[in-house]
Structure formats: structure tokens, C-alpha cells
Amino acid sequence: MPVHSEAPAKTTLPTSELNDLMVCAFRYALGRRTYATSTVSELVEQHWAGLPVGWRELVHREVREAVAAGCAGDACDVASWKRLLELPIR
1 MPVHSEAPAK TTLPTSELND LMVCAFRYAL GRRTYATSTV SELVEQHWAG
51 LPVGWRELVH REVREAVAAG CAGDACDVAS WKRLLELPIR
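As numbered in the UniProt record's numbering, residues 1 to 90 make up the sequence shown, in order.
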């Protein structure tokens with residue numbers, strides 16, 4: 001397989017598509033015991049200010065439920081998700 005020496009082109013997504021991708025990634029990563037947890041939680045945190053209020057409410061609710069049920073991953077994963085709970089919804 002050839003190795004590309006060029007930097008990949010940047011892609012611009014409409015906000016609605018980025019939000020859709022982030023909710024899918026969030027739901028995939030929540031509860032996983034993998035590097036995806038920190039990657040996704042950090043991306044969600046970076047884009048938090050631009051996310052719709054309803055989406056922020058969903059993240060808070062689903063993280064709280066997963067933590068309460070004991071299915072938010074290992075301790076390091078839970079810590080990543082709990083950081084999102086510190087972010088304001090409004």
C-alpha cells in the first residue's frame with residue numbers, strides 16, 4: 001500500500017452533520033474501555049459551545065445514567081465522561 005507524503009486535505013462539514021457525527025461517536029464510545037473514550041469526550045468538550053442545548057442535555061442525561069448503572073467504562077473512562085457533566089447546558 002503506498003504511503004502518502006502529502007498532508008490530508010481538510011474537510012468542512014455543515015454544523016448539523018458534525019453534530020450528527022458527534023452524537024454517533026458519543027453513543028459508540030460511552031461505556032467502551034478504549035482510547036475512543038478520551039478521544040470522543042475531548043472532542044465533545046472542544047465543540048461544546050457550538051452544540052445545541054438539546055444535545056447537551058442528552059449528553060448530560062446519558063452520562064449520568066451510564067455512571068449510575070456502572071456501565072460508563074473503567075475509572076479513567078468515567079473520569080473523562082464526568083468532565084462533560086461539569087460543562088454548562090445553557
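Ideal placement from N, C-alpha and C gives every residue a C-beta, glycine not left out.
Check                                                                                           : Outcome
Limits of the alpha helix (DSSP H) - the one that residue 20 falls within                       : 15-29
Residues near residue 43 by beta carbon distance below 8 Å, same chain, minus five either side  : 22 and 25
The stretch 51-65 touching the stretch 74-84, judged by at least three CB pairs closer than 8 Å : yes
Residue 81, enclosing alpha helix (DSSP H) - first and last residue                             : 75-85
First and last residue of the uninterrupted alpha helix (DSSP H) at residue 68                  : 53-68
Assumed close pair residue 63, residue 72 - CB separation to whole angstroms, cut-off 8 Å       : 7 Å
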